[in-house]
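Residue numbers (the working numbering), protein chains in the order written: chain Z, 359 to 645; chain W, 371 to 579.
The beta-carbon is built from N, C-alpha and C at its ideal position, and this holds for glycine as well.
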Amino acid sequence: MSEQARQGSISQADFLRFRDFFYRKTGLYFEEGKRYFVDKRLLARMAANGHETFRSYFAFMRFQASQQELQQLINLLTVNETYFFREEYQFQCMVNSVLNEVLRHHPGNRPLRIWSMPCSSGEEPYSIALYLLEYWPPIKNTDVEIIASDIDSNILNAARRGLYSQRSVQHLPDRIRRNYFKSLPDQMFQLNDDLRESVDFTKVNLTDPMDTRAYRNFDLIFCRNLLIYYDDTSRRLAVEALFDALDPGGFIFLGHSESMSRISSLFRVRKFSDAIAYQKPLAGQGA
Amino acid sequence: MALRKREPSSRVEDKSERRDQARSLDALTKQLEQGDATVRRWAARDLAVYPTAAPLLCQHLEHETDLSVREAMLDSLMQLGNTAVVDGLLPMLRSADVALRNEIIELLQNMPAAVAPRMRGLLADQDENIRIYAIDVARALAHPEVPEMMRDLLARESHINVIGQAVECLAEAGTPEVLPVLEELKANHSTEPFIVFAVDTAISRITGC
Numbered sequence: 359m360s361e362q363a364r365q366g367s368i369s370q371a372d373f374l375r376f377r378d379f380f381y382r383k384t385g386l387y388f389e390e391g392k393r394y395f396v397d398k399r400l401l402a403r404m405a406a407n408g409h410e411t412f413r414s415y416f417a418f419m420r421f422q423a424s425q426q427e428l429q430q431l432i433n434l435l436t437v438n439e440t441y442f443f444r445e446e447y448q449f450q451c452m453v454n455s456v457l458n459e460v461l462r463h464h465p466g467n468r469p470l471r472i473w474s475m476p477c478s479s480g481e482e483p484y485s486i487a488l489y490l491l492e493y494w495p496p497i498k499n500t501d502v503e504i505i506a507s508d509i510d511s512n513i514l515n516a517a518r519r520g521l522y523s524q525r526s527v528q529h530l531p532d533r534i535r536r537n538y539f540k541s542l543p544d545q546m547f548q549l550n551d552d553l554r555e556s557v558d559f560t561k562v563n564l565t566d567p568m569d570t571r572a573y574r575n576f577d578l579i580f581c582r583n584l585l586i587y588y589d590d591t592s593r594r595l596a597v598e599a600l601f602d603a604l605d606p607g608g609f610i611f612l613g614h615s616e617s618m619s620r621i622s623s624l625f626r627v628r629k630f631s632d633a634i635a636y637q638k639p640l641a642g643q644g645a
Numbered sequence: 371m372a373l374r375k376r377e378p379s380s381r382v383e384d385k386s387e388r389r390d391q392a393r394s395l396d397a398l399t400k401q402l403e404q405g406d407a408t409v410r411r412w413a414a415r416d417l418a419v420y421p422t423a424a425p426l427l428c429q430h431l432e433h434e435t436d437l438s439v440r441e442a443m444l445d446s447l448m449q450l451g452n453t454a455v456v457d458g459l460l461p462m463l464r465s466a467d468v469a470l471r472n473e474i475i476e477l478l479q480n481m482p483a484a485v486a487p488r489m490r491g492l493l494a495d496q497d498e499n500i501r502i503y504a505i506d507v508a509r510a511l512a513h514p515e516v517p518e519m520m521r522d523l524l525a526r527e528s529h530i531n532v533i534g535q536a537v538e539c540l541a542e543a544g545t546p547e548v549l550p551v552l553e554e555l556k557a558n559h560s561t562e563p564f565i566v567f568a569v570d571t572a573i574s575r576i577t578g579c
């Protein structure tokens, strides 16, 4: 381990230099209170790359053409945990505002279509389904299709099985857990068949235009905590794919630390009482 | 009415897409001139696979008014990322259109290998605004010669705003090799509080003290 890494210190000037750089690259800003969290990860990456000082590590990371080391840091500095009803305010916004607005200009000759991308092990698309059934009365008169996609075929198989730990379901109200899940040994829970069959799982790479060209006519997309992991080129490609996948007037929810305004001017920012969403302009509307 | 059940075959499994227009370079070139923004947007997107399309895309980018078409053009240019793209974009840094200039700067920042050979010329441009835009490009450029470029610029630069921008760039991208230039700069501009402060910040960031 390097000397600075062994000593376990990043100076205040080092921290400020890194913070400004990381903010410019990702939009993520670390308050002073996050010093320990940031320093620990920086020191780990310095040690992993054999850099004696922050200065040398920073120069390596800052000028690396592939930007792979920056991506490693982004992965380490953004905790990504998935569970049912995560960032629930966005589901509330979906049922309280977004879907009602979508219905007003929806053609009516096809179901409402919602895309969860990336869906990981399924907690997000199943949360959408649960929220619609429990908290959106128009579901009685409206057909809704939920498509859930990920680049990882193994995680998609797990999502189809619908088997979850206590930790995954801990934020669900007891009533919902009782009604939709079967309790299994070892504190595991399996989602009932009915709900599992209501989500269509598919494998897709969001940055591959050949892969995404069949994804069209969506009214709402959840694309949370994915764009931040892409480099600038891939991020722009992904946003183009999302734009093409939405019908005019459709909405996107991003992760809480992500902002479309840093990536693209194609979408309108919509501030609802529960959350912020990004809208593809209706015909004749500017972004 | 309710949640739709999954069908035996996925609803999005068919990856074939019906295209109404030909996708050859010639056809796409003509489509870029069409009145329908959707046609132009798809032409711009599909031109990303033609490396020789860079001058064409650059030429249309300057006059395109539809935001979605412009974004598609910028994305295709970024994917192409070759020297022809850089050469097509650089003249647009002189545009009076601020939004276009900012788009060009952002695009150039993401093409370090292609843009690096043109940077010294830009940083020596007679127009101080172009030198400032070049520093904006350098500020986010993942290229190891950036500190050296700034050092060489500072050694000859006299415009105070350009100096300030270059020092700010070094606060993030500087290496110990630029410290003597910064010290000299501070001595030569000791009556300019803004420069003294910027240099002190850059030195502190570079040395970590």
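Proximity below 8 angstroms, CB of residue i to CB of residue j
{"i": "P517(W)", "j": "L540(W)", "result": "yes"}
{"i": "R374(W)", "j": "S556(Z)", "result": "yes"}
{"i": "M481(W)", "j": "V455(W)", "result": "yes"}
{"i": "W373(Z)", "j": "R393(Z)", "result": "Trp is not the amino acid found at residue 373(Z); the sequence shown has Phe there. Yes, they are a contact pair."}
{"i": "V485(W)", "j": "L493(W)", "result": "no"}
{"i": "V548(W)", "j": "R509(W)", "result": "no"}
{"i": "M462(W)", "j": "E432(W)", "result": "yes"}
{"i": "R399(Z)", "j": "L434(Z)", "result": "yes"}
{"i": "C581(Z)", "j": "L604(Z)", "result": "no"}
{"i": "H529(Z)", "j": "Y447(Z)", "result": "no"}
{"i": "S622(Z)", "j": "E441(W)", "result": "yes"}
{"i": "R375(Z)", "j": "E542(W)", "result": "yes"}
{"i": "T319(Z)", "j": "A599(Z)", "result": "Absent from the structure is residue 319(Z), since the part of chain Z shown begins at 359 and ends at 645."}
{"i": "L395(W)", "j": "A414(W)", "result": "no"}
Between the CA atoms of residue j and residue i - distance to the nearest angstrom
{"i": "I500(W)", "j": "D378(Z)", "result": "24 angstroms"}
{"i": "T545(W)", "j": "A417(Z)", "result": "7 angstroms"}
{"i": "G458(W)", "j": "I497(Z)", "result": "52 angstroms"}
{"i": "R525(Z)", "j": "K556(W)", "result": "57 angstroms"}
{"i": "I509(Z)", "j": "P465(Z)", "result": "31 angstroms"}
{"i": "T422(W)", "j": "S615(Z)", "result": "38 angstroms"}
{"i": "S541(Z)", "j": "R554(Z)", "result": "15 angstroms"}
{"i": "D602(Z)", "j": "L564(Z)", "result": "11 angstroms"}
{"i": "D558(Z)", "j": "E482(Z)", "result": "13 angstroms"}
{"i": "E445(Z)", "j": "A392(W)", "result": "44 angstroms"}
{"i": "E538(W)", "j": "L524(W)", "result": "12 angstroms"}
{"i": "A572(Z)", "j": "Y420(W)", "result": "23 angstroms"}
{"i": "Q637(Z)", "j": "R376(W)", "result": "27 angstroms"}
{"i": "L490(Z)", "j": "I534(Z)", "result": "12 angstroms"}
{"i": "G608(Z)", "j": "E503(Z)", "result": "15 angstroms"}
{"i": "L450(W)", "j": "Y522(Z)", "result": "44 angstroms"}
{"i": "D577(Z)", "j": "W473(Z)", "result": "8 angstroms"}
{"i": "G520(Z)", "j": "I486(Z)", "result": "14 angstroms"}
{"i": "R514(Z)", "j": "Y484(Z)", "result": "Inspection of the sequence shows that residue 514(Z) is occupied by Leu rather than by Arg. Computed Cα separation, rounded: 13 angstroms."}
{"i": "E527(W)", "j": "I533(W)", "result": "7 angstroms"}
{"i": "H409(Z)", "j": "G480(Z)", "result": "39 angstroms"}
Sheet register partners of residue i (DSSP bridge)
{"i": "Q637(Z)", "result": "F609(Z) and R626(Z)"}
{"i": "M489(W)", "result": "Bridge partners of M489(W): none, in fact."}
{"i": "D508(Z)", "result": "K561(Z)"}
{"i": "S523(Z)", "result": "M546(Z)"}
{"i": "L373(W)", "result": "V502(Z)"}
{"i": "L435(Z)", "result": "For L435(Z), which the question treats as bridged, DSSP gives no partner whatsoever."}
{"i": "L604(Z)", "result": "F576(Z)"}
Delimiting residues of the beta strand (DSSP E) encompassing residue i
{"i": "I560(Z)", "result": "At residue 560(Z) the sequence reads Thr, which differs from the Ile that was named. From DSSP, the beta strand (DSSP E) with T560(Z) extends over V557 to K561."}
{"i": "L470(Z)", "result": "L470 to S474"}
{"i": "K540(Z)", "result": "F539 to L542"}
Cβ-heavy atom distance, residue i to the ligand SAH, below 7 angstroms
{"i": "V532(W)", "result": "Among the components of this structure there are no ligands whatsoever, and the ligand SAH is therefore not found."}
Start-to-end residues for the alpha helix (DSSP H) that takes in residue i
{"i": "L460(W)", "result": "Counting along the chain, L460(W) falls outside any alpha helix (DSSP H), and DSSP gives it neither H nor E."}
{"i": "C581(Z)", "result": "Run containing C581(Z): none in the alpha helix (DSSP H); it sits in the beta strand (DSSP E), F576 to C581."}
{"i": "W412(W)", "result": "A407 to D416"}
{"i": "Q496(W)", "result": "Segment: none, Q496(W) is in no alpha helix (DSSP H) and carries neither H nor E."}
{"i": "P483(Z)", "result": "E481 to Y493"}
{"i": "K398(Z)", "result": "R393 to N407"}
{"i": "R471(W)", "result": "V468 to Q479"}
{"i": "V551(W)", "result": "L549 to N558"}
{"i": "F443(Z)", "result": "No alpha helix (DSSP H) contains F443(Z), which DSSP labels as neither H nor E."}
Near-chain Z residues of the region 461-480 of chain W (beta-carbon distance less than 7 angstroms), N- to C-terminal order = N480
Using a beta-carbon distance cut-off of less than 8 angstroms, what residues from the region 539-569 of chain W approach chain Z?
-> A541, E542, A543, T545 and P546
Residues within the region 426-444 of chain W neighbouring chain C, beta-carbon criterion of under 8 angstroms = As a matter of chain content, chain C is missing from the structure shown, whose protein chains are Z and W.
Near-chain Z residues of the region 516-542 of chain W - C-beta to any C-beta below 8 angstroms = V516, A541 and E542
Against chain W: residues of the region 475-505 of chain Z by CB proximity under 8 angstroms | A487, L490, L491, I497, K498, N499, T500, D501, V502, E503, I504 and I505
With 9 angstroms as the limit, tell me which residues of the region 587-620 of chain Z have their beta carbon closer than that to any beta carbon of chain W; keep them in chain order.
-> D589, D590, T591, R594, L595, V597, E598, F601 and D602
Looking at chain W, which residues of the region 541-559 of chain Z have a Cβ within less than 9 angstroms of any of its Cβ atoms?
-> D552, L553, R554, E555, S556, V557, D558 and F559
Using a Cβ-Cβ cut-off of less than 8 angstroms, list which residues of the region 420-433 of chain Z approach chain W; keep chain order.
-> R420, F421, Q422, A423 and Q425
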